[in-house]
Every structure is written in structure tokens, then in C-alpha cells.
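Just so you know, the sequences run in chain order A and B.
Counting from 1, one number per residue, gives the positions in the first sequence under our numbering.
Counting from 1001, one number per residue, gives the positions in the second sequence under our numbering.
Notes for the one structure printed next.
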Amino acid sequence: MSEYLVNIQDERLSFFTPAGEVKALNGVTIRVKEGEVLGIVGESGSGKSVTAYSLMGLTAYPGKLMGGSLDFNGHHINDMTEKQMRKIRGNEVSIIFQDPMTSLNPVYTIGNQICEAILLHTDKSKKEAWERAKELLTLVGINEPEKRLKQYPHEFSGGMRQRVMIAIALACEPKLLIADEPTTALDVTIQAQILELMMELKDKLGMAIIMITHDLGIVASTCQRIAVMYAGHIVEYGTTDDIFYNPKHEYTKGLIRSIPRMDAKEHERLVPIEGTPVDMLNPPKGCPFASRCDQCMKICLKEMPPVTQFDDIHYTQCWLNQKAEFDRQQKEDRGGAANE
Amino acid sequence: MIKYILKRLVMAIVTIFVVATLTFFLMNTVPGGPFTAEKSISEQARKNLEAKYGLDKPIMQRYVTYITDALHGDFGISLKQRGRTVSSIIATKFPVSAKIGGISVLVALILGIPLGCIAALNRGKILDNIIIVLATFGIAVPGFVVCTMLLYFLGVKLQVLPTTFGDGSWTHFIMPVLSIAFYPTAYIARLMRSSMLDVLGQDYMRTAKAKGVSQFVSLFKHALRNAVLPVVTYVGPMLAYTITGSFIVEKVFTIPGLGREFISSVLNRDYTMIMGTTIFLASLMVFINVLVDIVYTIIDPRIKLK
């Protein structure tokens, strides 16, 4: 078993639509250690959710894994059958979805839906499962669990339903929790409560979390590592400090410039990233961000930039950094030559 | 719940009363009468007959008399089938129609729901296309064509099934049931397919999969109960129609059912018979609708009856 709980190497995944092949993931590498929180940020369609779903074998129908290897908790996902996958889902890896209003089945009680996961993955009897469900509801901060278990989803508010979703996800104490924009559909005060709850439970249960979001505020407050995705590439990866205080990719810089700041001067405007995301059906030959990049060079349009590694963790895929690195080395060489 | 049912009961009585009133007056505005068709009847004889059945009185008076009698449970005697009360005709004919109709509805449900599910699960594939074509065919082909084709091929050509209803043993049921179930089966299959597709795309189906639920369980536990509501809506009124009998099917297979009785009573201007069957059908319809509403609340807890 490797030191990583999740080890995704160079994953390539395409959706075969009637209009053509959509390359959703173009060589994504992600590693998560046990108990670590990784944030994946990026705009809609950048491949955040697809990466996480593929780890659970939940890729929707026209999607197909084209390359790379996926390892999770000692399982090699690539070779697993649907039946083997079912044993992992909801057991070793769970997921919380974006919209709690529609993610629970309206015709079954909350208790039924929580117990379902418990009964599937453990040897507990129905009665024991019910007790466990009660425990879980208390854990996620829902009062009167006995009464609430017998209620239907429509009797819960959005925030409460998301708590129930978390309870279902935690039913079998997973090693990894995938949170797919868990707070996007909730209002701000509830968002804070849910995030706080997730972090609290993470510390209590020691699970790893992959937090998928487009809210940089959330990743800043919760994650240790951040992967910035753009058009199916991880364009920059690093610790939270790396990404926020030392961003190297123009896209990351743009994202950070577009966050409202407390210390901004009066009348200072936010700087948006101009342009639109790339057409994934006809991706450009070079760097996918080139057409929106202020610093675009000729080579950016022709070739995909290689990885520039700054330290063990922090890396980016950008020609500008390659150039900077090249210049630095040239200078060093020249300096070295002069000294001789 | 009890309050709701009581409320519906009151509404049902009003509905049936309105239906009865409308039918009574409409029926009397249609030219002709129960004794006009009979030849070799003298003017005096006709008048005597009309006097005997009270048809010579003004319409309002007849209406009041009929309603008062009906409220006392007396639906009169048939004007055509001499000596038989309307109630007794319905009592003997309805069970036959109800049996055939009920079996047909069951067959339609047993075939239609799985066909729709199979089509939805195989969306866009060959199996789906085959089922869609069959369903469209089933909806497009009229009942009397189905009857005649079945009768011709199974009854006359192959001679495997009896062509008439005869003593009503189970072989006699096959063709009538198939003819009646043909259209609803196709309709239910289509209804089920579209609502199943809708449900399969719902977020909670993804949640079920993410929990590690197998496809089989997620289909039967999570999808079916949500997808079956439109079918329940359709089956309610459909049940009322089928158990009161189909005129065509009963005519073709010579089944002594209520459907035939209903149509011929209209053609014969058998006033009391028209009124009796109409009120009976209306009551049945209202009753089944209440039943459907109750079934709703059992299937979907979000629906509350008030």
C-alpha cells in the first residue's frame, strides 16, 4: 500500500457525445494522504467533479476512461468490476452532492435512507442500524433524532437535508469523503455551519476530504492542498499558502484577483478574467488558457506547457514559468562562466 | 383523512346528481321514444303504453318522480326488456364485464409497467426502439381491429380458442381480455417509459448509486415508486371504463356484459335503462377517483389529503 490514500496518475477521460469526443480530463494527477483535505477549484466544466466521480466509478454513461491509473485505499480502481465497486461506494468512499433538495429520495423516510447504507455495508441488524442512524443524526447536529428519522425529506430544510446527506455519507465511517460543492445550494449562514460541521467531523473521524468547489473562500478556510483545474488540466497545484500567496499560473492569479478583499481601497474594482472557457469539443493545440491569458506568448498557442516544479508539492503548467526558469538558469550559467 | 373522505362523499353525491339531471333532460330532448321503433303498433296501443310507463306526463313531473324513486333505490323497470328491473339487469350483467375488465387491467399493468421500465433502462438501444414501435402500434390500432384480427387468426384460422364467450370458462376469457388490454398496455408502457426516464435522471438515483445500492434494488426500491404515479393517475379512470364493459368487444365475442346493455339502451331510447347505467357508471367513476387519491398518499408521502 502506498503512502497515499488516493493516487490518481495521469488520468484521461472522455465523453463520447453525438457531437464528438469531449476530452474532459487530460492527464490529471492527484494524490491525497489520509486525513488530508484537498480542494479542487475551477470553473464549471473544468473537470472537478468528473475527477472525483471517476474515483467512485460514478462516471455518467457516455464517459470513458482513456488512460491513467486510479488507486484508492489499496484498490486499483481501473480493474474493478461494478460489483466490487459497489462494496467500496458508501463504505470506504462517500460523497455529498451539491443539491440537498433533490439528492434524497422523496418517498422514503430519512431513517430508511440512512439505514440502507448501514445495512448494505455492515452486518448490523435492522434495529442496530436504526440505533446507528440515531447516533449519526446526533453527530451531524439534528435534534430529536428518534422523531426525525421517521420523517420524510420534504419535512426538512435545505441545511438539514445536507446534514442528513452527511450522515448518510458518514454511515460507514469512510476513509475518504468527496464533497461536491456541498454548500453551493445553501444560503451563507448555513454554508458556514455545514463547513464547520464537516471540519469538526473530519477531525473526529480522521477521514480525508476532497472538497470540490468554485468558492475560493471555502478552500482557503478548509483545505491543506489545492488543485486548480482548467479545461481538464491541473494548471497549478500546491499548499493553500502556495496558491494564495505565491500563485504561479496566470489563471490562478486571475482567480485570486477576482476575490473581493477586505483591505481593498475604496472604489477599487475587482478584476474579472475576460473571455469564455474553451470549447471542450475542439480544444486548442497549446495551453487551453492561452486565449484568455494577458501574458500569452507564441509558444503558448502551439504547445502544451510542461510541468514546472517549484518544490516537492507546488507545481504549475505554464510556459511563463518555464521561461522564468530558463532565464534563471541561463543567468546562473553565465554567472558561473564569468566566475571561472 | 376521514374528514377528506367525508368531503369527497358529499361532492360525489352532488356530482352524481348533476350527471343524472343532465342525462335525464338531454335524453328527453333526443327525438324518438322507446316505442317508436316497434312496428305494427296502433296509435292507441302506443298511448296506452306511454300512459302505463308515465311517459305522457310533463317532463318536470317525470323528472321529480324519477329522482324521488331513485333516492329510494328504485331505478324502475326496463322499457325494452319487459318485466325486468334496471337494478337486476345491472346486477346480472355487471359482474361479467367487471371480471373481464378487471383481468384486462391487471394484464395491462403486469405487461405495461415492465415493458416501460425495460425501454427506459435500454434507452436508445434496439430493445427500447422495439418497445416504442409496439407501443405506438398498440395505441394507433383501434380495438375493433384487434378483436377481429384475434378472432380471425386464433379463432377461425388456427382454431385454438373459442370464438364466442360460451360458458365463460378461462379459455373464453383470453381473446376478450387481450383485445381490451391491448390499448392500455401500450399506453402504460409509454407512460412508464417517460416517467422512468425522468426518475432515472434524478439526483436521488445518483445518491443511491453512491451509497453502493445495486442497480436492481435502486430500480425497484428507489425508482419504481416515484415513477409509478402517472400510471396510477391513468389506471383509475381506465379501470372504471373497462370494468363497465366494452361495447365492441362484448358484441364481437357475444359476451353478456354491461357495455352492450349501455349502448343498446341508448339506441333503443330505453329511458330507465339509460338513467340506471349512467348513474351506475358515474358512481363507479367517482368512487375510483377517491380510491386513486388514497393510493397517491400511500405511494407519495408528500401528497396530503385535505
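Ideal Cβ positions, reconstructed from N, Cα and C, are used throughout, including at glycine.
{"query": "Taking C-beta pairs closer than 9 Å, name the residues in chain A that asparagine 1226 of chain B reaches, listed in chain order.", "result": "Asn105, Pro106 and Val107"}
{"query": "Apply the 10 Å Cβ neighbour rule to methionine 1 of chain A and answer buried if 16 or more other Cβ atoms are within range, or exposed otherwise.", "result": "Note on methionine 1 of chain A: pLDDT 48, under 50, position unreliable in the model; no value is reported."}
{"query": "Who are the Cβ neighbours of aspartate 1181 of chain B in its own chain at under 6 Å, not counting the five residues just before and after it?", "result": "Looking at the sequence provided, one finds alanine at residue 1181 of chain B rather than aspartate. Ser1104, Val1107 and Ala1108, listed in sequence order."}
{"query": "Please look up how many angstroms separate the CB atoms of aspartate 1203 of chain B and serine 94 of chain A, rounded, as I've assumed it's under 8 Å.", "result": "With a Cβ gap of about 15 Å, aspartate 1203 of chain B and serine 94 of chain A do not count as contacting."}
{"query": "Valine 1292 of chain B touches chain A at which residues, Cβ-Cβ below 9 Å?", "result": "Here the premise fails: no neighbours, minimum Cβ distance about 17 Å."}
{"query": "Since lysine 1209 of chain B and glutamate 116 of chain A should fall inside the 8 Å C-beta cutoff, what is the C-beta to C-beta distance between them, to a whole number of angstroms?", "result": "With a Cβ gap of about 12 Å, lysine 1209 of chain B and glutamate 116 of chain A do not count as contacting."}
{"query": "Is the shortest distance between the beta-carbon of methionine 1 of chain A and the beta-carbons of chain B less than 8 Å?", "result": "Confidence in methionine 1 of chain A is poor, its pLDDT being 48 and thus under 50, which makes the residue's placement unreliable; the coordinate value appears in the next sentence. No, methionine 1 of chain A does not count as interfacial toward chain B."}
{"query": "At which residues does the alpha helix (DSSP H) containing methionine 56 of chain A begin and terminate?", "result": "48-56"}
{"query": "Closest by CA to glutamate 181 of chain A, which one among A:Gly238, A:Lys147 and A:Met211?", "result": "A:Met211"}
{"query": "Under 8 Å between C-beta atoms, does asparagine 91 of chain A make it to chain B?", "result": "yes"}
{"query": "Under the rule that 16 or more other beta-carbon atoms within 10 Å means buried, what is methionine 1175 of chain B, buried or exposed?", "result": "buried"}
{"query": "Taking the alpha-carbon positions, what's the tyrosine 1271 of chain B to leucine 1022 of chain B distance?", "result": "13 Å"}
{"query": "Output needed in chain order: residues of the region 146-159 of chain A with a Cβ under 8 Å from some Cβ in chain B.", "result": "Tyr152 and His154"}
{"query": "Residues in the same chain with beta-carbon distance under 7 Å from glutamate 340 of chain A, minus the five sequence neighbours each way, listed in chain order, please.", "result": "Only weak support exists for where glutamate 340 of chain A lies, its pLDDT of 47 falling under 50; the value from the coordinates is given anyway. No residues qualify anywhere along the chain."}
{"query": "Quick check on the DSSP output: the beta strand (DSSP E) that includes phenylalanine 16 of chain A runs from which residue to which?", "result": "6-17"}
{"query": "In angstroms with no decimal places, state the Cα-to-Cα distance between proline 153 of chain A and threonine 109 of chain A.", "result": "7 Å"}
{"query": "Please report how far the alpha carbon of valine 1266 of chain B lies from the alpha carbon of isoleucine 1274 of chain B, in whole angstroms.", "result": "6 Å"}
{"query": "Unbroken alpha helix (DSSP H) runs of length 4 or more, entirely within the region 1148-1220 of chain B: which are they?", "result": "1170-1200 and 1203-1211"}
{"query": "In whole angstroms, give me the CA-to-CA distance for arginine 1008 of chain B and serine 1179 of chain B.", "result": "34 Å"}
{"query": "Just how far apart, CA to CA, sit leucine 1158 of chain B and leucine 1071 of chain B?", "result": "52 Å"}
{"query": "Report, in whole angstroms, the separation of the C-beta atoms of methionine 1196 of chain B and alanine 1240 of chain B, which I expect to be a contact under 8 Å.", "result": "Their Cβ separation, rounded to whole angstroms, is 25 Å, which puts methionine 1196 of chain B and alanine 1240 of chain B out of contact at 8 Å."}
{"query": "Let me confirm a value: threonine 992 of chain B is counted as buried when at least 16 other C-beta atoms fall within 10 Å, else exposed. Which label applies?", "result": "In the structure as shown, chain B begins at 1001 and stops at 1306. Residue 992 of chain B is therefore absent and cannot be evaluated."}
{"query": "Cβ of glycine 238 of chain A within 8 Å of Cβ of histidine 314 of chain A?", "result": "yes"}
{"query": "Does the region 84-101 of chain A come into contact with the region 168-178 of chain A, if we say contact requires no fewer than three beta-carbon pairs (one atom in each stretch) closer than 8 Å?", "result": "yes"}
{"query": "Beta carbons nearer than 7 Å to chain B: which residues of the region 180-193 of chain A have them?", "result": "none"}
{"query": "In this structure, what does DSSP give as the bridge partners for glutamate 21 of chain A?", "result": "A:Phe16"}
{"query": "To the nearest angstrom, report how far apart valine 1232 of chain B and serine 1194 of chain B are at their CA atoms.", "result": "14 Å"}
{"query": "If I follow the unbroken beta strand (DSSP E) through aspartate 71 of chain A, where does it start and stop?", "result": "63-72"}
{"query": "Hey, quick one: how far does the alpha helix (DSSP H) through glutamate 1043 of chain B stretch, first residue to last?", "result": "1043-1052"}
{"query": "Any beta carbon from chain B within less than 8 Å of methionine 199 of chain A's own beta carbon?", "result": "no"}
{"query": "Distance, Cα to Cα, glycine 67 of chain A vs isoleucine 77 of chain A?", "result": "12 Å"}
{"query": "Per DSSP, methionine 229 of chain A forms a beta bridge with which residues?", "result": "A:Ile234"}
{"query": "So is valine 1018 of chain B buried or exposed if we call it buried at 16+ other beta carbons inside 10 Å?", "result": "exposed"}
{"query": "In whole angstroms, give me the CA-to-CA distance for histidine 1172 of chain B and valine 1292 of chain B.", "result": "30 Å"}
{"query": "How should serine 258 of chain A be labelled, buried or exposed, when 16 other C-beta atoms within 10 angstroms of its C-beta is the threshold for buried?", "result": "exposed"}
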